[in-house]
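Take a look at the structure set out below.
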Amino acid sequence: MQQIDSCIETTINRLSSEAGTMVSNFYLDLRSPGRQRITEKLVEQSIDLCRSRGIYAEREGNGLLVRVDLRTCYLNPGQAEMFNIAIGYTRSVHGNHL
């Protein structure tokens with residue numbers, strides 16, 4: 021689910037802001053073109069995938085409410101590098117010591 025990586029990377033980008041937030045909330049729509057309905061199996065697999073990356077998720081309507089917390093989620097190597105740059109930036113430019 022590439023959407024999970026996008027959510028993590030957006031949260032990292034938000035870390036660079038003056039607020040320096042480490043947590044972001046998202047809504048992931050599980051509908052796709054041609055899909056008749058969203059099955060419980062799809063929902064469970066999607067939630068399990070989020071959990072495997074250390075991300076909280078719960079069903080809401082046709083999708084998932086997702087909370088990415090950079091302190092607890094699992095980053096891939098590229099995201100870890102982005103995180104280091106973002107944390108350095110927010111500390112040096114905004115004086116945030118998270």
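Per the working numbering, the sequence shown starts with residue 21, numbered consecutively. For each residue, glycine too, the CB sits at the ideal point set by N, CA and C.
Rounded to whole angstroms, Gly-115 and Tyr-109 show a C-alpha spacing of 9 Å. In its chain, beyond the 5 residues on either side, Met-42 have a beta carbon closer than 7 Å to the beta carbon of Arg-91.
According to the DSSP assignment, Arg-71 belongs to the alpha helix (DSSP H) that extends over 60-72.
Arg-87 sits away from Tyr-94, with the two beta carbons spaced by 8 Å or more. Taking Arg-51 as the centre and dropping the five residues before and after it, the same chain places the C-beta of Asn-82 closer than 6 Å to its C-beta, in chain order. Closest by C-alpha distance to Ala-106, out of Thr-31, Gln-22 and Phe-46, is Thr-31. For Ser-44, the enclosing beta strand (DSSP E) stretches over residues 43-49. With respect to Tyr-47, Glu-78 sits apart: the two C-beta atoms are not nearer than 8 Å.
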